[in-house]
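The block underneath contains the structure these notes are about, expressed in structure tokens.
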Amino acid sequence: MKTLNAGESTITYHEAESLLTFTGSMRLANMKEYDVVAEFLHESSESSKDRLTLDLKSLRFLNSSGITTLSLFILTCKKQGYPKITVVKNDTISWQQKSITNFKKLWDEVEIEN
Amino acid sequence: MEHQHPYDPNVKWKEERQKLLDEIQDLKVLYKTIAEHSSTIENELETKNQEITTLIQQLRKYLSPQLYNLILGEQGKTDLSYKRKFLTIFFSDIIGFTEISDRIDPEILSEVLNRYLNEMAQIAIKFGGTIDKFIGDALMIFFGDPEYVDDQRHAQDCGHMAIAMQKRIRELDIEWKNRGISHGLKVRMGMHSGYCTVGNFGSENRMDYTIIGGNVNIAHRLESLSVPNGIFISSITRNLLSEEFVTRFSQTFHVKGIHYPIDIYELLGYRDTDSQAPDSYLIQNGKGFQLRNIEFDPDADSPEKLQKIENTLHRLLSHIENNR
Numbered sequence: 010m011k012t013l014n015a016g017e018s019t020i021t022y023h024e025a026e027s028l029l030t031f032t033g034s035m036r037l038a039n040m041k042e043y044d045v046v047a048e049f050l051h052e053s054s055e056s057s058k059d060r061l062t063l064d065l066k067s068l069r070f071l072n073s074s075g076i077t078t079l080s081l082f083i084l085t086c087k088k089q090g091y092p093k094i095t096v097v098k099n100d101t102i103s104w105q106q107k108s109i110t111n112f113k114k115l116w117d118e119v120e121i122e123n
Numbered sequence: 286m287e288h289q290h291p292y293d294p295n296v297k298w299k300e301e302r303q304k305l306l307d308e309i310q311d312l313k314v315l316y317k318t319i320a321e322h323s324s325t326i327e328n329e330l331e332t333k334n335q336e337i338t339t340l341i342q343q344l345r346k347y348l349s350p351q352l353y354n355l356i357l358g359e360q361g362k363t364d365l366s367y368k369r370k371f372l373t374i375f376f377s378d379i380i381g382f383t384e385i386s387d388r389i390d391p392e393i394l395s396e397v398l399n400r401y402l403n404e405m406a407q408i409a410i411k412f413g414g415t416i417d418k419f420i421g422d423a424l425m426i427f428f429g430d431p432e433y434v435d436d437q438r439h440a441q442d443c444g445h446m447a448i449a450m451q452k453r454i455r456e457l458d459i460e461w462k463n464r465g466i467s468h469g470l471k472v473r474m475g476m477h478s479g480y481c482t483v484g485n486f487g488s489e490n491r492m493d494y495t496i497i498g499g500n501v502n503i504a505h506r507l508e509s510l511s512v513p514n515g516i517f518i519s520s521i522t523r524n525l526l527s528e529e530f531v532t533r534f535s536q537t538f539h540v541k542g543i544h545y546p547i548d549i550y551e552l553l554g555y556r557d558t559d560s561q562a563p564d565s566y567l568i569q570n571g572k573g574f575q576l577r578n579i580e581f582d583p584d585a586d587s588p589e590k591l592q593k594i595e596n597t598l599h600r601l602l603s604h605i606e607n608n609r
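Order-wise, the sequence lines are chains D and E.
Just so we're aligned, residue 10 is where the first sequence starts under the numbering used here, counting upward by one.
Just so we're aligned, residue 286 is where the second sequence starts under the numbering used here, counting upward by one.
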């Protein structure tokens with residue numbers, strides 16, 4: 010299990026389950042600061058099996074640089090063809106209602122679960 | 286048909302072109318994703334901002350200006366000086382509250398009392414009153430500070446507020462009786478207008494932004510003289526009220542320390558529209574009274590007439606009680 014603390018949020022990678030859980034409020038200042046997040050996602054995807062799950066249920070807030078980082082990560086996976094992505098969302102958090110559905114538009118193989 | 290060689294530069298160019306087009310398509314979706322995400326957050330921010338603005342406006346009414354400025358960080362604006370201002374002052378008090386509190390379960394009592402005070406505070410805020418303080422079951426409210434409009438407007442807003450409160454109290458009275466409070470809810474009110482000293486009073490550790498002065502005491506006295514469910518106002522306040530208000534002379538009152546007497550009037554309601562408007566059955570004359578012939582025919586008369594008769598009888602009973 011690997012953990013990355015990014016400001017007021019935490020990302021934990023559970024290797025055995027190919028699962029990334031996001032908690033807290035992700036509000037780093039700019040794209041440069043999100044480099045560590047992008048790197049953490051990349052490393053996790055390298056060691057994951059054919060499908061990687063991003064569990065965002067407990068991510069209360071994600072700013073625009075954060076959504077860009079996640080979107081670019083999905084586009085990278087799309088380009089290399091693996092791992093396939095499953096996103097777990099929480100409809101009680103308003104930003105998740107629309108933004109997460111858009112991940113499927115980026116890559117039609119993205120699965121969205123509630 | 287022309288055969289395309291796999292190493293044909295044309296094929297490669299087409300592949301590159303397709304790749305770029307795919308990438309542009311991805312970027313378009315990405316751009317849209319980010320824009321929509323930002324909009325969601327911005328809209329939420331705007332909603333929250335509006336909520337905060339509304340909350341601040343509410344706080345302004347509930348808190349003293351000093352505390353309000355302190356919370357909002359406008360320390361430079363905190364004015365600790367005293368000032369003299371012409372205000373309309375309002376007092377209200379529940380009749381027999383001590384007796385009620387001895388008889389009723391504290392849980393029920395605190396629930397109904399809080400409900401009553403909260404509803405009265407809402408009405409005060411609606412009419413622009415500044416709630417000075419809650420003193421047990423009593424309320425002290427004034428009009429004219431921190432926002433000053435004009436003396437007539439303050440007196441009239443206060444009058445509208447008092448009438449609206451008494452109307453709501455009549456409804457709450459039924460609820461109180463249903464909750465087992467046999468006394469019901471009866472409230473005395475007093476209103477007076479005059480110059481007061483506005484400022485901070487208290488000890489160094491605990492200051493209250495409040496008003497003091499002889500006129501505050503007069504308003505309080507008018508409240509204690511008032512009949513049950515009555516609104517007693519001084520002639521000074523009465524002179525500031527518009528034609529739409531109906532008042533009736535009650536008594537002349539001598540205040541300690543003030544050489545001239547003050548005429549007290551009862552604020553009855555609004556002209557024509559209110560069922561409490563001038564009583565055609567009852568004429569009060571000091572401690573005495575005259576009751577005119579009352580007749581009611583359920584087939585010919587309206588329910589409003591019955592209400593008028595009921596109000597008259599209530600008024601008469603309180604008059605007798607107060608002059609015994």
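No residue lacks a Cβ here, since even glycine has one placed at the ideal position from N, Cα and C.
Keep in mind that this is a model prediction, so the values were computed, not measured.
So what does DSSP say about residue i, is it helix, strand or coil?
i, result
"Gln561 (chain E)", "Any reading at Gln561 (chain E) is ruled out, since the residue's pLDDT is 47, under 50, leaving its predicted position unreliable."
"Met35 (chain D)", "strand"
"Ala15 (chain D)", "strand"
"Glu120 (chain D)", "strand"
"Lys313 (chain E)", "helix"
"Asp378 (chain E)", "strand"
"Lys88 (chain D)", "helix"
"Asp582 (chain E)", "coil"
"Lys541 (chain E)", "coil"
"Gly573 (chain E)", "strand"
"Asp44 (chain D)", "helix"
"Lys98 (chain D)", "coil"
"Ser323 (chain E)", "helix"
"Ser67 (chain D)", "strand"
"Glu595 (chain E)", "helix"
"Arg556 (chain E)", "coil"
"Lys58 (chain D)", "coil"
"Glu551 (chain E)", "strand"
"Tyr353 (chain E)", "helix"
"Arg345 (chain E)", "helix"
"Arg369 (chain E)", "strand"
"Arg533 (chain E)", "strand"
"Ile109 (chain D)", "coil"
Using only the heavy atoms of the ligand HEM, determine whether one of them is closer than 7 Å to the beta carbon of residue i.
i, result
"Ala449 (chain E)", "Here there are no bound small molecules, and the ligand HEM is not part of this structure."
Compare the C-beta of residue i with all C-beta atoms of chain D and state if any pair is closer than 8 Å.
i, result
"Glu305 (chain E)", "Checking the displayed sequence, the identity of residue 305 (chain E) turns out to be Leu instead of Glu. Answer no: the Cβ-Cβ gap between Leu305 (chain E) and chain D never drops below 8 Å."
"Ile319 (chain E)", "yes"
"Ser323 (chain E)", "yes"
"Leu330 (chain E)", "no"
"Ile326 (chain E)", "yes"
"Asp311 (chain E)", "yes"
"Leu372 (chain E)", "no"
For chain E, find out if any of its Cβ atoms is closer than 8 Å to the Cβ of residue i; answer yes or no.
i, result
"Leu63 (chain D)", "no"
"Lys41 (chain D)", "no"
"Ile76 (chain D)", "yes"
"Lys66 (chain D)", "no"
"Asn111 (chain D)", "yes"
"Lys107 (chain D)", "yes"
"Leu84 (chain D)", "yes"
"Ile115 (chain D)", "According to the sequence displayed, residue 115 (chain D) carries Leu and not Ile. Chain E contact via Cβ: present."
"Ser54 (chain D)", "no"
"Ser34 (chain D)", "no"
"Ser73 (chain D)", "yes"
Give the straight-line distance between the Cα atoms of residue i and residue j, rounded to the nearest whole angstrom.
i, j, result
"Asp548 (chain E)", "Phe534 (chain E)", "8 Å"
"Phe486 (chain E)", "Gly421 (chain E)", "20 Å"
"Asp293 (chain E)", "Val314 (chain E)", "32 Å"
"Val119 (chain D)", "Asn334 (chain E)", "35 Å"
"Ser587 (chain E)", "Ile579 (chain E)", "14 Å"
"Arg506 (chain E)", "Ile102 (chain D)", "56 Å"
"Leu71 (chain D)", "Lys107 (chain D)", "13 Å"
"Glu42 (chain D)", "Glu48 (chain D)", "11 Å"
"Val472 (chain E)", "Ile543 (chain E)", "27 Å"
"Ile503 (chain E)", "Thr332 (chain E)", "46 Å"
"Arg369 (chain E)", "Ser488 (chain E)", "21 Å"
"Asp311 (chain E)", "Tyr22 (chain D)", "27 Å"
"Lys58 (chain D)", "Pro92 (chain D)", "7 Å"
"Gln105 (chain D)", "Thr85 (chain D)", "21 Å"
"Ile459 (chain E)", "Leu553 (chain E)", "21 Å"
"Tyr494 (chain E)", "Gln342 (chain E)", "18 Å"
Ranges of the alpha helix (DSSP H) found wholly within the segment 460–527 of chain E, counting only runs of at least 4
499–510 and 520–525
Do three or more CB pairs link the segment 394–414 of chain E to the segment 443–459 of chain E at distances below 8 Å?
yes
Meets three-Cβ-pair contact criterion under 8 Å: the segment 471–478 of chain E and the segment 372–386 of chain E:
yes
Every unbroken beta strand (DSSP E) within the segment 380–427 of chain E, with a cutoff of 3 residues, ordered by chain:
415–420
Check whether the segment 24–43 of chain D touches the segment 55–70 of chain D, taking contact to mean three or more Cβ pairs, one atom from each stretch, closer than 8 Å.
yes
Pairing CB atoms from the segment 313–331 of chain E with CB atoms from the segment 103–116 of chain D, are three or more of them under 8 Å?
yes
Pairs of beta-carbons, one from the segment 72–86 of chain D and one from the segment 34–41 of chain D, closer than 8 Å: are there three or more?
yes
Would the segment 460–473 of chain E and the segment 387–402 of chain E be scored as touching if the rule is three or more Cβ pairs under 8 Å?
Verdict: yes, contact present.
Quick check: the segment 375–391 of chain E against the segment 417–434 of chain E, are at least 3 beta-carbon pairs closer than 8 Å?
Taking 8 Å as the limit for Cβ pairs, the verdict is that the segment 375–391 of chain E does touch the segment 417–434 of chain E.
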